[in-house]
Amino acid sequence: MQSVVSLKVVVALALAVGFVAYFLGAHSGSVATPQAPILWKVQSAWPPTSIVQDGAKLLVETIEKNSGGRLKLDLSPAGAVVPPFETRTP
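Take 973 as the starting number for the sequence shown in this note's numbering and just add one per residue.
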């Protein structure tokens, strides 16, 4: 024989479990600690006076803003680290 559980009982039980889980989690004393931001060093292929370099600076600002400061980009113009259009291997 199958027993039928009313919808009200199921909803009440789900709410009770949810409240207990919320309060145990909210008052457990564990607090998330902020992590250090990630720093990427980036060299563009354009000189510092180029309008394209200005666009790259805007892109860096947008990325840093949208990442909430979690990702920081250190943008260098062409030739600051290696000659333009060349790569540096670690």
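Backbone N, C-alpha and C fix where the C-beta goes; we use that ideal spot for every residue, glycine too.
The segment 1010-1018 makes no contact with the segment 975-987: fewer than 3 CB pairs, one atom from each, lie closer than 8 Å. From the listed residues A988, Q1025, V992, T1061, the smallest Cα separation to D1046 is found for Q1025.
In the DSSP assignment, the residues bridged to Q1015 are S1048. Scanning its chain for C-beta atoms nearer than 8 Å, with the 5 sequence neighbours on each side dropped, one finds around A1052 the residues Q1015, in chain order. DSSP places T1034 in the uninterrupted alpha helix (DSSP H) bounded by 1023-1038.
Less than 7 Å divides the Cβ of P1019 from the Cβ of A1050.
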